[in-house]
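Novice:
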Amino acid sequence: MDWGMENRMARMFSPVSHNTVMLAVDHGYFMGPTHRLEDARSTIAPLLPHADALALTRGILRRCVPPQTDTPIVLRVSGGATVLKEDLSDEKITTSMREASRLNVCAVAMSVFVGAPHEHESLVHLGELVSEGEEAGIPVMAITAVGKELEKRDARYLALACRVSAELGAHLVKTYFCEDFSKVVEGCPVPLVVAGGPKLDSDRAALELARRAIDEGAHGIDMGRNIWQSDHPVAMLRALRAIVHEKATVREALDVLEGEKGRPTPAAAA
Ligand code: R5P
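In my numbering, the protein residues as written are 491 to 760.
Pasting the structure below:
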């Protein structure tokens with residue numbers, strides 16, 4: 491791996507745990523003003539210091555994140571469909587590698603839609619994006635199965651989608667946790683991070699998901715709704731960090747959550 495590429499990867503993953511806690515706030519690119527992400531700037535500000543990376547689009551990056559931040563940026567560069575359309579897979583590359591480089595990002599991310607009507611285009615776009623990423627020294631994260639594709643959340647489907655993404659050169663893959671997740675990990679030679687999906691019934695359920703994912707070989711999380719739709723987003727993010735980086739059990743992470751709940755966030759304290 492070239493120095494630039496390796497440096498960017500190293501900035502996102504802890505040298506100690508080899509894992510990462512990415513905060514996903516890119517939902518608006520196809521879902522619009524998602525609940526509790528309507529005012530993205532306010533949602534992001536208190537969470538930013540606790541995230542190993544921030545995943546979002548160029549619009550929200552430019553408008554809602556101070557350029558002084560040293561949190562690595564994972565830039566979503568695909569889009570073109572919304573939840574109003576039947577077929578979410580009709581995406582193209584919407585932000586160039588040149589612009590990603592100008593924005594000084596640590597990685598770019600795009601969705602692949604394995605098994606969907608635009609499977610072919612999304613996979614070819616991934617191959618092309620990887621070629622550009624190799625040239626620029628910018629890692630590419632493939633995102634498997636968003637929206638309706640999530641209905642296929644099983645190990646057989648996700649193992650296929652993750653492996654295909656790695657074969658096409660993705661440097662890391664974001665996918666979803668499922669039963670037999672270790673089979674997805676086994677077949678994928680690049681680091682996997684897991685998304686949380688729609689808000690679960692409780693914070694505990696999200697912590698359990700993270701614990702199981704790490705135990706079965708995930709190299710971290712790229713989670714959104716289960717953090718910022720929680721009533722205690724900063725505490726939740728810190729509890730997840732304990733799981734991902736400090737081998738905390740769910741019980742220990744719940745203690746972190748409870749302990750952090752009463753603490754004022756820097757924004758609230760200011
Ligand atoms: C899809 O909207 C994006 O790729 C999200 O970043 C991804 O689904 C992670 O967010 P969440 O944990 O809310 O599913």
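All C-beta atoms, glycine included, are put in the ideal place defined by N, C-alpha and C.
State the Cα-Cα distance for the pair Glu750 and Pro536, rounded to the nearest angstrom.
Specialist: Rounded to whole angstroms, Glu750 to Pro536 spans 13 Å at the Cα level.
Novice: Mind checking whether Val511 and Ala541 have CB atoms under 8 Å apart?
Specialist: Yes, the Cβ-Cβ distance between Val511 and Ala541 is below 8 Å.
Novice: Going by DSSP, name the residue or residues bridged to Thr572.
Specialist: DSSP lists no partner for Thr572.
Novice: Inspect the beta-carbon positions of Leu682 and Val654 and report whether they are closer than 8 Å.
Specialist: No. Outside cutoff.
Novice: Relative to the ligand R5P, is the shortest distance from any of its heavy atoms to the C-beta of Asp542 smaller than 7 Å?
Specialist: Checking the Cβ of Asp542 against the ligand R5P gives no.
Novice: Suppose you measure from the CA of Trp493 to the CA of Pro629; what does that come to, to the nearest Å?
Specialist: Roughly 12 Å between the two C-alpha positions.
Novice: With distance defined between alpha-carbon atoms, name the residue in Ser720, Ala732, Met502 and Val674 nearest to Ala700.
Specialist: Here the closest residue by C-alpha is Ala732.
Novice: Of the residues Gly659, Thr533 and Gly677, which one's Cα is nearest the Cα of Glu706?
Specialist: Comparing Cα-Cα distances from Glu706 to each of Gly659, Thr533 and Gly677, the minimum goes to Gly677.
Novice: Tell me the residue span of the alpha helix (DSSP H) that contains Thr533.
Specialist: Its alpha helix (DSSP H) spans residues Ala530 to Leu537.
Novice: Relative to the alpha-carbon of Ala649, which residue among His661, Gly659, Met631 and Cys668 has its alpha-carbon at the smallest distance?
Specialist: When each option's Cα is compared against that of Ala649, the closest is Cys668.
Novice: When every heavy atom of the ligand R5P is checked, does at least one fall within less than 7 Å of the C-beta of Met713?
Specialist: Met713: yes, Cβ under 7 Å from the ligand R5P.
Novice: For the alpha helix (DSSP H) containing Leu616, list its first residue and its last residue.
Specialist: Here the alpha helix (DSSP H) through Leu616 covers Glu609 to Ala626.
Novice: Hey, out of Arg715, Phe503 and Ile583, whose CA is closest to Thr524's CA?
Specialist: When only C-alpha atoms are compared, the closest one is Arg715.
Novice: First and last residue of the alpha helix (DSSP H) that includes Gly749?
Specialist: From DSSP, the alpha helix (DSSP H) with Gly749 extends over Val740 to Lys751.
Novice: Leaving out the 5 sequence neighbours to the left and right, which residues in its chain are closer than 7 Å to Asp693 when beta-carbon positions are compared?
Specialist: Closer than 7 Å at Cβ, skipping near neighbours: Ser720, Met726 and Leu747.
Novice: On the three-state DSSP scale, how would you describe Gly686?
Specialist: In the structure shown, Gly686 sits in coil (DSSP, three-state: anything other than H, G, I, E or B).
Novice: How many Å lie between Thr547 and Leu527 at the Cα?
Specialist: The straight-line gap from Cα to Cα measures roughly 13 Å.
Novice: Taking DSSP as the reference, what is the three-state secondary structure of Arg694?
Specialist: Of the three classes helix, strand and coil, the one that applies to Arg694 here is helix, per DSSP.
Novice: Report yes if the C-beta of Asp516 is less than 7 Å from at least one heavy atom of the ligand R5P; otherwise report no.
Specialist: Yes, Cβ of Asp516 sits closer than 7 Å to a heavy atom of the ligand R5P.
Novice: Between the C-alpha atoms of Ser532 and Pro556, what's the straight-line distance to the nearest angstrom?
Specialist: Each residue's alpha carbon lies about 12 Å from the other.
Novice: For Asp516, count the other beta carbons within 10 Å of its own beta carbon; 16 or more makes it buried, fewer makes it exposed. Which is it?
Specialist: Buried, since its Cβ has 16 or more Cβ neighbours within 10 Å.
Novice: Can you name the residues that DSSP bridges to Ile633?
Specialist: Bridge partners of Ile633: Ser601 and Lys664.
Novice: Where do the ends of the alpha helix (DSSP H) carrying Met521 lie?
Specialist: Taken as a continuous stretch (DSSP letters only), the alpha helix (DSSP H) holding Met521 covers Gly518 to Met521.
Novice: Looking at Ala599 and Ile633, is the spacing between their C-beta atoms short of 8 Å?
Specialist: Their beta carbons are under 8 Å apart, which means Ile633 touches Ala599 by this criterion.
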